[in-house]
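Step one of this worksheet: look at the structure below.
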Amino acid sequence: MIYYIFPYLFIVFMSVLSLKIKGNGYKLLFILGMIPSVLIVCMKGEVGTDTAAYLSLLKLNLNQLNENIYNLEFGFLYFSKLMNFLNINAQVALNIFSLIICLILFFNLNKNKNSFIIFSALIFPIFFYDMTMNGVRYGLAFALSIPFIIEPAKKILEPNKNKFSLFLAFLNHKSSFLFVFLKVAVFLNPKRFLILILFATISFYFLKDIILIKISDYSELSSPSITSGLQPLIITFLIFVVNSFFFKINIKRNSFLLIIQVLFYLVSQISYAGLRFQFIVLFFLIISLINDQNCKNFKLYLLIMYLIGILGFMLRFRNMLQEYGLGDSPFLPYTFFW
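Just so we're aligned, residue 4 is where the sequence shown starts under my numbering, counting upward by one.
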């Protein structure tokens, strides 16, 4: 358990320390803060719910991979082919993939101090271990989508490297396309937003079989419980309340995202895909917080965000404990690849 707890506490400590440092000194603290978590991710053995499934894919030969061309996104498929061509061990290959996610997270979130703080306060405790040790395809897609989410609304139609990064995200997990929907939705007026929601709901109803096949991970075979669906909903609601109180200009954006979150919670009661959609909304909301800086009582605001992150970590860790020793590659007990 200490393997997961210490890296979290360490990066939180580093981010709090960065509040005392001016200039770009926070970047060094960011690098130092990431070291324990990157080591845990890159030295893992068969750890992480979906790890066993990914290892089985990476052990396939080129002919077998070609037979799975319609079941895997382009990005991971060709990464697997490259690792196969280079004759790299499946476990090493998967850990390399996880390292790539860590590096992209760092490079996309080191632009300013607030990015580092939001990462340590919310992204790390709620998403980091799942992104790098479990659903690594969506983990890479989420990491690549960050520049697009942060991008100002007025640049949404401009062709730039952020759109290219989003395109790469889509090649690794199709669900990242929902970030485009969310980006557009939060800037619509209420009437057009409701029309968009109605259109999306009707489209989902008629295309749900195709959508679930294309977007749901192959390993997501069990139905989610009411509790698992409540986890991202509760965290979203808490962030909604706190951020809307300190940044009243965001009430419209936050309200739209909360409504979408509730709708996806309802979907999660009939399909596991709904739970994935909920975490997409939560990730989008958290990344959006990076643009919120320098409000009155900003330190109090950050303190509350850290507390919300602790709650998110406790809920995630509770799930790890419940799955202790279960399945082919549980998070607990942690094992090294050797």
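Beta carbons are placed, not taken as given, at the ideal position from N, Cα and C, and that holds for glycine.
Bear in mind that the values here come from a model prediction, so they are computed numbers and not experimental data.
field: Heavy atom of the ligand PLP within 7 Å of L31 beta-carbon
entry: As for the ligand PLP, it is missing from this structure, which has no ligand bound.
- request: Could you pull the start and end residues of the alpha helix (DSSP H) that Y327 belongs to?
  value: Locating residue 327 in the sequence shown gives position 324, counting from the first residue. No alpha helix (DSSP H) contains Y327, which DSSP labels as neither H nor E.
- request: Put L224 into one of helix, strand or coil per three-state DSSP.
  value: Start at 1 with the first residue of the sequence shown, and residue 224 comes out as number 221. Bear in mind that the predicted position of L224 carries a pLDDT of just 43, short of 50, making it unreliable; the figure below should be weighed with that in mind. Note: L224 maps to coil in three-state DSSP.
- prompt: Between Q281 and G232, is the Cβ-Cβ spacing less than 8 Å?
  reply: Translated into the one-based positions of the sequence shown, residue 281 becomes position 278. Translated into the one-based positions of the sequence shown, residue 232 becomes position 229. Closer than 8 Å, so yes.
- request: Assign Q264 to buried or exposed, taking buried as 16 or more other Cβ atoms, counted over all protein chains shown, within 10 Å of its Cβ.
  value: Sequence index remark: in the sequence shown, residue 264 carries index 261 (1-based). Buried, by the Cβ-count rule.
- prompt: Does DSSP classify F82 as helix, strand or coil?
  reply: Counting from one through the sequence shown, the residue named residue 82 turns up at place 79. Helix, per DSSP.
- prompt: Between F167 and F9, what straight-line distance do the alpha-carbon atoms span, to the nearest angstrom?
  reply: Here residue 167 is taken as the residue at index 164 of the sequence shown, counted from 1. Here residue 9 is taken as the residue at index 6 of the sequence shown, counted from 1. Approximately 35 Å, taken between the alpha carbons.
L44 versus I159, S271, I103, F250, residue with shortest Cα-Cα distance: Within the sequence shown, numbered from 1, the residue matching residue 44 stands at position 41. Rather than Leu, the amino acid found at residue 44 in this sequence is Val. Comparing Cα-Cα distances from V44 to each of I159, S271, I103, F250, the minimum goes to I103.
field: Local conformation of I218 per DSSP, three classes
entry: Indexing the sequence shown from 1 puts residue 218 at position 215. Bear in mind that a pLDDT of 48 at I218, under 50, signals an unreliable position, so the model cannot answer this.
- request: Using 10 angstroms around the beta-carbon of K47, count the other beta-carbons present and answer buried if the total reaches 16, otherwise exposed.
  value: Working through the sequence shown from its first residue, we reach residue 47 at position 44. So K47 counts as buried.
query: Residues in its own chain within less than 8 Å of F250 by CB, not counting five upstream and five downstream?
result: By one-based count along the sequence shown, residue 250 stands at place 247. Excluding positions up to five away in sequence, the list reads D295, C298.
- prompt: Name the DSSP beta bridge partners of K299, please?
  reply: Within the sequence shown, the letter at position 296 stands for residue 299. DSSP lists no partner for K299.
query: To the nearest whole angstrom, what separates the beta carbons of L288 and L260, a pair I think is in contact under 8 Å?
result: Position 285 of the sequence shown, counting from 1, holds the residue named residue 288. Position 257 of the sequence shown, counting from 1, holds the residue named residue 260. About 5 Å; that satisfies the 8 Å criterion.
field: Beta carbon of Y268 nearer than 8 Å to that of L236
entry: For the purposes of this step, residue 268 is taken as residue 265 along the sequence shown, with counting starting at 1. For the purposes of this step, residue 236 is taken as residue 233 along the sequence shown, with counting starting at 1. The answer is yes: Cβ separation under 8 Å.
task: Consult DSSP for K255 and reduce its assignment to one of helix, strand or coil.
output: Against the sequence shown, residue 255 aligns to sequence position 252. K255: helix per DSSP, three-state reduction.
task: Can you grab the Cα-Cα spacing for the pair L58 / L97, in whole Å?
output: The residue given as residue 58 occupies position 55 in the sequence shown. The residue given as residue 97 occupies position 94 in the sequence shown. Taking the straight line joining both Cα atoms gives about 7 Å.
query: Exposed or buried, which one is M86 when buried takes at least 16 other CB atoms within 10 Å?
result: The count along the sequence shown starts at 1 and reaches residue 86 at position 83. Result: buried.
task: Grab the span of the alpha helix (DSSP H) containing A156 for me, first residue to last.
output: The residue labelled residue 156 in the question sits at position 153 within the sequence shown. Careful: A156 lies outside any alpha helix (DSSP H) and carries neither H nor E.
query: With 16 as the cutoff for other CB atoms within 10 Å, does V95 come out buried or exposed?
result: As a first step, residue 95 must be located in the sequence shown, where it is residue number 92. Exposed: under 16 other Cβ atoms inside 10 Å.
message: Just to confirm before moving on: does the CB-CB distance between I149 and I290 stay below 8 Å?
response: One-based indexing of the sequence shown puts residue 149 at position 146. One-based indexing of the sequence shown puts residue 290 at position 287. Yes, they are a contact pair.
query: Helix, strand or coil: which one does DSSP assign to K177?
result: In the sequence shown, counting from the first residue as 1, residue 177 sits at position 174. It is helical.
- request: Give every residue of the same chain whose Cβ lies closer than 6 Å to the Cβ of Y337, excluding the five residues on either side of it in the sequence, and list them in chain order.
  value: Residue 337 sits at position 334 when you count from the first residue of the sequence shown. Y6, V50.
- prompt: How about S178 and Y132: do their beta carbons lie closer than 8 Å?
  reply: Locating residue 178 in the sequence shown gives position 175, where the first residue counts as 1. Locating residue 132 in the sequence shown gives position 129, where the first residue counts as 1. Not in contact: S178 and Y132 (Cβ atoms no closer than 8 Å).
Pairwise C-alpha distance: L241 and G26: Here residue 26 refers to the residue found at position 23 when the sequence shown is read from its first residue. Here residue 241 refers to the residue found at position 238 when the sequence shown is read from its first residue. Taking the straight line from one Cα to the other gives about 31 Å.
message: Please report the straight-line C-alpha distance between V270 and M308, rounded to a whole angstrom.
response: Taking the first residue of the sequence shown as position 1, residue 270 is located at position 267. Taking the first residue of the sequence shown as position 1, residue 308 is located at position 305. When rounded, the distance between both Cα atoms is 27 Å.
message: I need the DSSP call for K62, collapsed to helix, strand or coil.
response: Here residue 62 refers to the residue found at position 59 when the sequence shown is read from its first residue. Three-state DSSP puts K62 in coil, outside helix and strand.
message: For the structure I just gave you, are there three or more beta carbon pairs, one from the stretch 73-84 and one from the stretch 112-132, closer than 8 Å?
response: With fewer than three CB-CB distances shorter than 8 Å, the stretch 73-84 does not count as touching the stretch 112-132.
message: In this structure, how does DSSP classify K114 when only helix, strand and coil are distinguished?
response: Position 111 of the sequence shown, counted from the first residue, corresponds to residue 114. Residue state, collapsed to three classes: coil.
message: What would DSSP say about F340, mapped onto helix, strand or coil?
response: Working through the sequence shown from its first residue, we reach residue 340 at position 337. Coil at F340, not helix or strand.
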